[in-house]
Amino acid sequence: MKVLVIGGGGREHAIVWKLSQSRLVDKIYCCPGNAGIATLAECIDVSQNDFSLLLDFVKHEWIDLTIVGPEEPLSKGIVDLFEREGRKIMGPNRAAVQLESSKVFSKDIMRLHGIPTAEYKVFTSYLHAEEYLKFKGVPIVIKADGLAAGKGVFVASDMDEAIHALKLIMKDRVFGEAGDRVIIEQCLTGEEASYMVFTDGKTIVPMVSSQDHKRIFDGDAGPNTGGMGAYSPAPVITEELEKEILERIMKPTLMALRADGIDYKGILYAGIMIDKGRPYVLEFNCRLGDPETQPVLARLDSDFMEIAMAIADEKLSTVRIEWKQEPAVCVVISSGGYPGQYSKGSRIEGIEEADGMEGVHVFHAGTSFEDGRIITSGGRVLGVTAEGSDIALAKKRAYEAVGKIHFDGMHYRKDIADRALKREK
Ligand code: AMP
Ligand code: GLY
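Going by our numbering, the letters in the sequence shown line up with residues 11 to 435, in that order.
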């Protein structure tokens with residue numbers, strides 16, 4: 011079979027890598043891909059938001075299945091269009107993606123169906139929002155309603171910071187229409203984890219748990235990023251908690267959508283805060299997490315193509331999905347300055363040596379080719395992922411591999427997976 015993957019980050023490199031191991035796959039295309047993906051797939055130079063061109067390509071090349079990585083094409087309705095045209099595609103449709111593309115939509119569903127989440131209020135008027143902020147006091151969380159590439163959430167510990175965030179969203183309109191509505195919500199405390207499931211709308215199959223590291227610097231300091239590293243499993247998610255997340259969060263959310271006539275097919279991701287042993291939803295995403303996918307797919311012991319086809323065909327119950335016991339750790343290497351301004355075009359050395367080490371997979375994100383050499387072309391550049399018999403070994407291997415890699419201005423956190431190690435002690 012032929013498969014097309016949409017996206018070009020570390021998540022998509024991990025997806026393409028898993029697909030390349032499938033006995034069902036003869037040829038992989040990726041749009042736009044990156045320098046790492048190009049070793050496994052044919053990268054096509056089409057915008058991931060040019061749906062009519064993508065559809066022409068899929069028809070012309072007789073592609074059997076399209077798998078969508080990022081949220082943007084999903085939220086713009088790529089699945090709706092492909093399905094209307096009779097093309098198989100794995101991902102939720104536009105109505106279902108509102109769970110991620112509108113925080114107001116997702117909070118309202120949670121409130122209506124008693125799904126545990128932080129208390130909140132929605133505002134369209136700056137003055138009312140400011141008044142409410144002052145009434146509630148700090149710490150407090152301010153969120154733009156729409157998609158903002160992970161930058162629309164502000165956790166404010168003092169009032170000046172909170173008002174500044176509100177002004178950025180509502181007055182300066184830095185996120186445009188995504189800030190037409192603002193959520194002000196209670197600040198939760200505890201430990202975060204990521205929980206993802208496969209679903210075809212009828213059957214739900216959980217993935218192994220994972221934990222992201224959102225802040226740029228060690229000790230969770232500095233601004234939020236797309237994610238600076240991840241590990242799987244997250245020991246904070248006990249078996250009992252996993253059951254609770256499945257029964258009290260994932261199943262009721264999918265049932266709530268169905269009650270509104272929305273069938274959800276694809277991957278559902280819940281960002282969870284565990285406070286005093288209870289799970290609360292911070293956000294839903296309608297896709298695989300990045301960088302969580304890198305360690306999670308490294309642990310998948312089944313055929314990803316078979317799973318993706320079964321989701322698209324609504325036959326997920328017929329597939330057996332197995333996971334390796336061994337944990338995996340992913341350390342992201344970013345360009346200096348990220349998540350702010352950063353430069354591109356630095357030559358990267360040492361990838362091959364790192365990738366050849368035992369248990370290590372170097373997933374590319376912002377990389378491209380220049381004169382046959384690999385150069386940086388994005389904020390998050392590589393996701394160095396390693397497996398090991400325990401988290402300590404996986405971490406050691408990942409950092410040894412990171413040590414082989416070099417480019418000007420490279421930055422990475424040194425404390426990925428430390429929280430899991432502390433918990434194990
Ligand atoms: P979100 O995109 O909604 O997951 O928010 C990004 C990050 O902001 C989360 O991973 C949390 O670290 C933090 N966050 C979001 N909502 C809350 C909340 N209610 N309380 C505390 N932290 C939050
Ligand atoms: N790692 C968080 C996300 O993918 O949104």
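Glycine included, every Cβ here is placed at the ideal spot set by N, Cα and C.
The alpha-carbon separation between E93 and D210 amounts to approximately 14 Å. For N59, same chain residues with a beta-carbon under 7 Å away, outside a window of 5 residues either side, are E82, P83, K86 in chain order. In the structure shown, K406 adopts helical secondary structure according to DSSP, grouped into three states. Taking non-hydrogen atoms of ligand 1 into account, the C-beta of A188 is found less than 6 Å away from none of them. Here the C-alpha atom of E368 lies approximately 28 Å from the C-alpha atom of R330. Per DSSP, the continuous alpha helix (DSSP H) segment holding Q108 begins and ends at 104-111. In the three-state reduction of the DSSP assignment, G239 falls in the strand class.
A straight line joining the alpha-carbon of A318 with that of L29 spans about 10 Å.
When the five nearest sequence neighbours on each side are left out, the beta carbons in the same chain lying within less than 7 Å of the beta carbon of K181 are those of Y136, in order along the chain. Counting along the chain, G17 sits inside the beta strand (DSSP E) bounded by residues 12-17. Residue pairing for F208: DSSP places it in a beta bridge opposite V215, I277. Each residue's CA atom was taken as its position, placing R21 and R433 some 27 Å apart. By the 16-neighbour rule on beta-carbons within 10 angstroms, H223 is buried.
Between P262 and I125, the C-beta gap is smaller than 7 Å, which places the two residues in contact. Here M367 carries a coil assignment [DSSP, helix/strand/coil].
The secondary-structure analysis by DSSP pairs L392 across a beta bridge with I343, H374. The C-beta distance from A154 to G162 rounds to 4 Å, short enough to meet the 8 Å contact threshold. Looking at the backbone, the Cα of G18 and that of K212 are separated by about 30 Å.
DSSP places L137 in the helix class (H, G or I) of the three-state scheme.
Ranking A404, S345, K406 by CA distance to the CA of T377 puts S345 first. The DSSP-derived three-state label of A51 is coil. If you check the C-beta of E195 against ligand 1, you find a heavy atom less than 6 Å away.
Between E201 and the set S220, R423, P337, E195, the nearest pair of CA atoms involves S220. Beyond the five residues adjoining it in sequence on each side, L251 comes within less than 8 Å, by CB distance, of I284, G287, P289 in the same chain, given in chain order. For K253, the closest of M217, M265, A266 by C-alpha to C-alpha distance is M217. Not a single heavy atom of ligand 1 lies less than 6 Å from the C-beta of E332.
The Cβ-Cβ distance between A128 and Q196 falls below 7 Å. Between T395 and A338, the gap from beta carbon to beta carbon is short of 7 Å. Taking L198 as reference, the option from Y130, V114, E359, G236 with the minimal CA-CA separation is Y130. For I125, there is no enclosing alpha helix (DSSP H), as DSSP marks it with neither H nor E. By DSSP's assignment, I38 forms a beta bridge with V13.
Proximity to L50 across F61, L310, V35, M265 peaks at V35, based on C-alpha coordinates. With a cut-off of 6 Å, the C-beta of D230 is classified as distant from ligand 2, since no heavy atom of the ligand falls inside that distance. Relative to the Cα of C40, the nearest Cα in the group Q31, S32, W27, R33 belongs to W27. Taking the CA atoms as reference points, A430 sits about 23 Å from A24. Ligand 2 never approaches G355 closely enough for any of its heavy atoms to be under 6 Å from the residue's Cβ.
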